[in-house]
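Novice:
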Amino acid sequence: MSERKIRVLVAKPGLDGHDRGAKVVARALRDAGMEVIYTGLRQTPEMIAESALQEDVDAVGLSILSGAHMALVPRVLELLKANGQEQVKIFLGGIIPDEDVPRLIEMGVAGIYGPGTITDEIIRDIRRAVTSSPVQ
Amino acid sequence: MDLAAAVLEGNRLALARCLTQIENGTLEGRDALNRLFPNTGHAHLIGVTGAPGTGKSSLVNQLARYYRQPGSLENSTRSRPLRIGIVAIDPTSPFTGGAILGDRVRMRDLAGDSGVFIRSMATRGSLGGLAHATAGVVQVMDAAGFEVILIETVGAGQAEVDIARLAHTTLVVEAPGLGDEIQAIKAGILEIADILVINKSDQPGAEATERALRSMLQLAHPVPHIFQHHGHLEIVPASHLESGNKTLWVPPLQRTVATEGVGIVELVSVIERHYQFLQDTGEWQQREQARLQSELNIILQETLVDRWRSTISEKRYNDVLDSLVSRDLSPWQAVETLLDGDLE
Numbered sequence: 540m541s542e543r544k545i546r547v548l549v550a551k552p553g554l555d556g557h558d559r560g561a562k563v564v565a566r567a568l569r570d571a572g573m574e575v576i577y578t579g580l581r582q583t584p585e586m587i588a589e590s591a592l593q594e595d596v597d598a599v600g601l602s603i604l605s606g607a608h609m610a611l612v613p614r615v616l617e618l619l620k621a622n623g624q625e626q627v628k629i630f631l632g633g634i635i636p637d638e639d640v641p642r643l644i645e646m647g648v649a650g651i652y653g654p655g656t657i658t659d660e661i662i663r664d665i666r667r668a669v670t671s672s673p674v675q
Numbered sequence: 002m003d004l005a006a007a008v009l010e011g012n013r014l015a016l017a018r019c020l021t022q023i024e025n026g027t028l029e030g031r032d033a034l035n036r037l038f039p040n041t042g043h044a045h046l047i048g049v050t051g052a053p054g055t056g057k058s059s060l061v062n063q064l065a066r067y068y069r070q071p072g073s074l075e076n077s078t079r080s081r082p083l084r085i086g087i088v089a090i091d092p093t094s095p096f097t098g099g100a101i102l103g104d105r106v107r108m109r110d111l112a113g114d115s116g117v118f119i120r121s122m123a124t125r126g127s128l129g130g131l132a133h134a135t136a137g138v139v140q141v142m143d144a145a146g147f148e149v150i151l152i153e154t155v156g157a158g159q160a161e162v163d164i165a166r167l168a169h170t171t172l173v174v175e176a177p178g179l180g181d182e183i184q185a186i187k188a189g190i191l192e193i194a195d196i197l198v199i200n201k202s203d204q205p206g207a208e209a210t211e212r213a214l215r216s217m218l219q220l221a222h223p224v225p226h227i228f229q230h231h232g233h234l235e236i237v238p239a240s241h242l243e244s245g246n247k248t249l250w251v252p253p254l255q256r257t258v259a260t261e262g263v264g265i266v267e268l269v270s271v272i273e274r275h276y277q278f279l280q281d282t283g284e285w286q287q288r289e290q291a292r293l294q295s296e297l298n299i300i301l302q303e304t305l306v307d308r309w310r311s312t313i314s315e316k317r318y319n320d321v322l323d324s325l326v327s328r329d330l331s332p333w334q335a336v337e338t339l340l341d342g343d344l345e
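Here the protein sequences line up with chains D and W, keeping their order. Per the numbering used here, the first sequence starts with residue 540, numbered consecutively. Per the numbering used here, the second sequence starts with residue 2, numbered consecutively.
(1) Cutting at 7 Å between CB atoms, please list the residues of its own chain near residue 560 (chain D), excluding the five before and the five after it.
(2) Could you check if residue 331 (chain W) is buried or exposed, using at least 16 other CB atoms within 10 Å of its CB as the buried criterion?
(3) If we count Cβ pairs, one from each stretch, closer than 8 Å, do we get three or more for the stretch 130 to 145 of chain W versus the stretch 89 to 99 of chain W?
(4) How would you call residue 216 (chain W), buried or exposed, if buried means at least 16 neighbouring beta carbons within 10 angstroms?
(5) Could you say which of W:75, W:80, W:63 and W:279 lies nearest to residue 107 (chain W) if we only look at CA atoms?
(6) When DSSP labels each residue in this structure, what does residue 224 (chain W) get in the three-state scheme?
(7) Listed in chain order, which residues of the stretch 94 to 113 of chain W have Cβ atoms closer than 8 Å to some Cβ of chain D?
(8) Determine the contact status of residue 662 (chain D) and residue 571 (chain D), defining contact as a CB-CB distance below 8 Å.
(9) Tell me whether residue 589 (chain D) is buried or exposed, calling it buried when 16 or more other Cβ atoms sit within 10 Å of its Cβ.
(10) Just to make sure I have the definition right: I need the residues of chain D whose C-beta is within less than 8 Å of the C-beta of residue 120 (chain W). Which are they?
(11) Can you give me, in chain order, the residues of the stretch 296 to 312 of chain W that have a beta carbon less than 9 Å from any beta carbon in chain D?
(12) Quick check on residue 18 (chain W) - is its C-beta less than 8 Å from some C-beta in chain D?
(13) Any idea if residue 552 (chain D) is buried or exposed, counting beta-carbon neighbours within 10 angstroms, 16 or more meaning buried?
(14) From the DSSP output, in three-state form, read off residue 92 (chain W) for me.
(15) Rounded to a whole number of angstroms, what is the C-alpha to C-alpha distance between residue 200 (chain W) and residue 314 (chain W)?
(16) In the DSSP output, what is residue 122 (chain W) paired with across the bridge?
(17) Across which residues does DSSP place residue 629 (chain D) in a beta bridge pair?
(18) My output table needs one value for residue 543 (chain D): the three-state DSSP class, helix, strand or coil.
(19) Beta-carbon of residue 576 (chain D) versus every beta-carbon of chain W: anything under 8 Å?
(20) Under three-state DSSP, which class holds residue 331 (chain W)?
(21) So which residues of chain W does residue 617 (chain D) contact, with C-beta pairs closer than 9 Å?
(22) Using the C-alpha atoms, what's the distance from residue 644 (chain D) back to residue 627 (chain D)?
(23) Residue 70 (chain W) by DSSP, collapsed to three states: which one?
(24) Which one or two residues does DSSP pair with residue 550 (chain D) in a beta bridge?
(25) Can you tell which of W:46, W:340 and W:82 has its C-alpha closest to the C-alpha of residue 115 (chain W)?
(26) Interface residues of chain D around residue 14 (chain W) at Cβ under 9 Å?
(27) Select from W:103, W:333 and W:257 the residue whose C-alpha is nearest the C-alpha of residue 202 (chain W).
(28) How far does the alpha helix (DSSP H) with residue 504 (chain D) in it reach, from first residue to last?
(29) Using the beta-carbon count (16 or more within 10 Å), is residue 286 (chain W) buried or exposed?
(30) Any contact of the stretch 46 to 54 of chain W with the stretch 145 to 157 of chain W, i.e. 3+ C-beta pairs under 8 Å?
(31) Can you say whether residue 240 (chain W) is buried or exposed, counting buried as having 16 or more other CB atoms within 10 angstroms of its CB?
(32) Count the other CB atoms within 10 Å of the CB of residue 149 (chain W); is the residue buried (16 or more) or exposed (fewer)?
(33) Consult DSSP for residue 347 (chain W) and reduce its assignment to one of helix, strand or coil.
(34) Within its chain, find whatever has a CB closer than 6 Å to the CB of residue 544 (chain D); leave out the 5 residues flanking it on each side and keep chain order.
(35) How close, in whole Å, do the beta carbons of residue 18 (chain W) and residue 593 (chain D) come, if the pair is a contact with beta carbons under 8 Å?
(36) Within 8 Å (strictly less), CB to CB, does residue 670 (chain D) reach chain W?
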């Protein structure tokens, strides 16, 4: 029964209540054979990092539509690093203005996906990012 | 990183990684479990099972919250706060192998408490309400020093009774409006209950559900009479039984409204009474032995099959399979042929 599954945390940090996108992505990742830990709305960066640690995930998907990404994303990255999980890949979805994209990528975000993204693209990117990283 | 040593030191990342290795069935995981096993056997394993939508996750959330507050515990020699491990199991899709593990949504109250560790697990093809690796995952948490481990099964139906084998105390969660009295007297999941919980008991139909379950309990345990007296469960043993017979446990029935925290103190008090009952009657040891025996048998069977299978060439196996498909051999004959070693 030895098998390695890709485990992904899907979380919605911040205060906006629109979780439709997060649910669509969660479902698509499940259909791609991944184990998706879904934590729901209004997660603080601390809650996200704690869940990522306890669940030993390979990747974290954040859905942010509130415009608070430049505050939330660095905090999540910082906390993951503090917990010794710097190998965990961060993917970002929602409403992210183009001008913020380069800075987020520079911070270490592995992929950013706006409205209309094909879910296959996200699945492919997660698979590639996770399998290329050295195994623990 | 020496996983086992780091787990014993209380390193949470090591614990999380160790659980992944156990889930993935790696040699590293098995090695860590071998080294951690002498430190297991202390945790009180509480199973929480019941149909989907009865509120298992919310109940687990509330139980963990209560156990985490400082204070005494009714009916118990233990005192709070206790360190709580939670294993929440959700089903793997049989078609894609993927899973959505959503139990954490109902457990957000527990965030930020280092005395709580929540792990979501997918069943990964296992039936019976638990995942294949659940026993191992629970053992690692036990060794890591969690004093109470709450195990939430998948939304179970009528046959998913593995939890009773794993847990010391099994809670079966019911909710009003899920079925008639015939559901209640069917064999299976209700028989495994050490404690019956009627959650959502503020909903219409709670009375009827309670009545149905109570009459079912009286059928299953005909000796003592149970009735509600000033809100307390009274048990009157039948005359031919010694009163104070300590070896008989009649599953109590507790009403709760988990989302509001109603009935949780009372439920914990009943759980503690069961814990004490297990200790006092020696049933704790009996359950431990039964559990380890079933685990031994399962691993023994798997190992023997794997070992034997590696001695049979793929061709031999496929030849027999072909004979089976062409109806030249029956399934029993096919197995005999493989085991005896000659294909006619």
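We put the CB at the ideal spot given by N, CA and C, even for glycine.
Specialist: So, from the listed chains and residues:
(1) Looking up residue 560 (chain D) in the first sequence gives position 21. Excluding positions up to five away in sequence, the list reads 602, 632 and 633.
(2) On the second sequence, position 330 is the one that residue 331 (chain W) refers to. With fewer than 16 other Cβ atoms within 10 Å, it is exposed.
(3) yes
(4) As a first step, residue 216 (chain W) is located in the second sequence; it is residue number 215 there, counting from the start. With fewer than 16 Cβ atoms within 10 Å of its Cβ, residue 216 (chain W) is classed as exposed.
(5) Locating residue 107 (chain W) in the second sequence gives position 106, counting from the first residue. Nearest of W:75, W:80, W:63 and W:279 to residue 107 (chain W), Cα basis: W:63.
(6) If you number the second sequence from 1, residue 224 (chain W) lands on position 223. With a pLDDT of 49 at residue 224 (chain W), under the threshold of 50, the predicted position of this residue should be treated as unreliable, though the coordinate-derived value follows. Coil at residue 224 (chain W), not helix or strand.
(7) 94, 97, 98, 99, 100, 101, 102, 103, 105, 106, 109, 112 and 113
(8) The sequence position of residue 662 (chain D) within the first sequence is 123, counting from 1. The sequence position of residue 571 (chain D) within the first sequence is 32, counting from 1. Result yes, Cβ atoms of residue 662 (chain D) and residue 571 (chain D) sit closer than 8 Å.
(9) For this step, residue 589 (chain D) is matched to residue 50 along the first sequence. It is buried - the Cβ of residue 589 (chain D) has at least 16 other Cβ atoms within 10 Å.
(10) Reading the second sequence from its first residue, position 119 is the one you call residue 120 (chain W). The contacting residues are 593 and 594.
(11) 303
(12) Here the question's residue 18 (chain W) lines up with position 17 in the second sequence. Yes, residue 18 (chain W) counts as interfacial toward chain D.
(13) Residue mapping note: residue 552 (chain D) aligns to position 13 of the first sequence, counting from 1. Classification of residue 552 (chain D): buried, given that the 10 Å Cβ count is 16 or more.
(14) For this step, residue 92 (chain W) is matched to residue 91 along the second sequence. DSSP places residue 92 (chain W) in coil when its eight states are reduced to three.
(15) For the purposes of this step, residue 200 (chain W) is identified with residue 199 of the second sequence, where counting begins at 1. For the purposes of this step, residue 314 (chain W) is identified with residue 313 of the second sequence, where counting begins at 1. C-alpha separation (whole angstroms): 54 Å.
(16) Your numbering for residue 122 (chain W) matches position 121 in the second sequence. Bridge partners of residue 122 (chain W): W:90.
(17) Counted from its first residue, the first sequence places residue 629 (chain D) at position 90. Answer by DSSP bridge pairing, in chain order: D:599 and D:648.
(18) Taking the first sequence and counting its residues from 1, one reaches residue 543 (chain D) at position 4. The answer is coil: DSSP assigns residue 543 (chain D) none of H, G, I, E or B.
(19) Taking the first residue of the first sequence as 1, we reach residue 576 (chain D) at position 37. Yes, residue 576 (chain D) counts as interfacial toward chain W.
(20) Residue numbering aside, residue 331 (chain W) sits at position 330 when the second sequence is read from its first letter. Here residue 331 (chain W) sits in coil by DSSP.
(21) For the purposes of this step, residue 617 (chain D) is taken as the residue at position 78 of the first sequence. Simply none; closest approach about 16 Å.
(22) Counting from one through the first sequence, the residue named residue 627 (chain D) turns up at place 88. Counting from one through the first sequence, the residue named residue 644 (chain D) turns up at place 105. Going from the Cα of residue 627 (chain D) to the Cα of residue 644 (chain D) covers about 14 Å.
(23) Within the second sequence, residue 70 (chain W) is the residue found at index 69, counting from 1. In the structure shown, residue 70 (chain W) sits in coil (DSSP, three-state: anything other than H, G, I, E or B).
(24) The residue given as residue 550 (chain D) occupies position 11 in the first sequence. For residue 550 (chain D), which the question treats as bridged, DSSP gives the partners D:579 and D:601.
(25) Residue mapping note: residue 115 (chain W) aligns to position 114 of the second sequence, counting from 1. Of the listed residues, the one whose Cα sits closest to residue 115 (chain W) is W:82.
(26) Here the question's residue 14 (chain W) lines up with position 13 in the second sequence. By Cβ distance, chain D contributes 592, 595, 622, 623 and 624.
(27) Within the second sequence, numbered from 1, the residue matching residue 202 (chain W) stands at position 201. For residue 202 (chain W), the nearest C-alpha among the options comes from W:257.
(28) Past the edges of chain D, shown from 540 to 675, lies residue 504 (chain D), and the structure says nothing about it.
(29) Sequence index remark: in the second sequence, residue 286 (chain W) carries index 285 (1-based). Per the 10 Å Cβ criterion, exposed.
(30) yes
(31) Your numbering for residue 240 (chain W) matches position 239 in the second sequence. The pLDDT assigned to residue 240 (chain W) is 43, lower than 50, so where the model puts this residue is not dependable; a value taken from the coordinates is nonetheless given after this. When all chains shown are included, residue 240 (chain W) counts as exposed.
(32) Here residue 149 (chain W) corresponds to residue number 148 of the second sequence, with the count starting at 1. Buried, by the Cβ-count rule.
(33) Residue numbering for chain W in the displayed model covers 2 to 345; residue 347 (chain W) lies beyond these limits and cannot be assessed.
(34) Position 5 of the first sequence, counting from 1, holds the residue named residue 544 (chain D). Contacts found: 574.
(35) The residue you call residue 18 (chain W) lines up with position 17 of the second sequence. The residue you call residue 593 (chain D) lines up with position 54 of the first sequence. Wrong, their Cβ atoms sit about 11 Å apart, outside the cutoff.
(36) Against the first sequence, residue 670 (chain D) aligns to sequence position 131. It does not; no Cβ of chain W falls within 8 Å.
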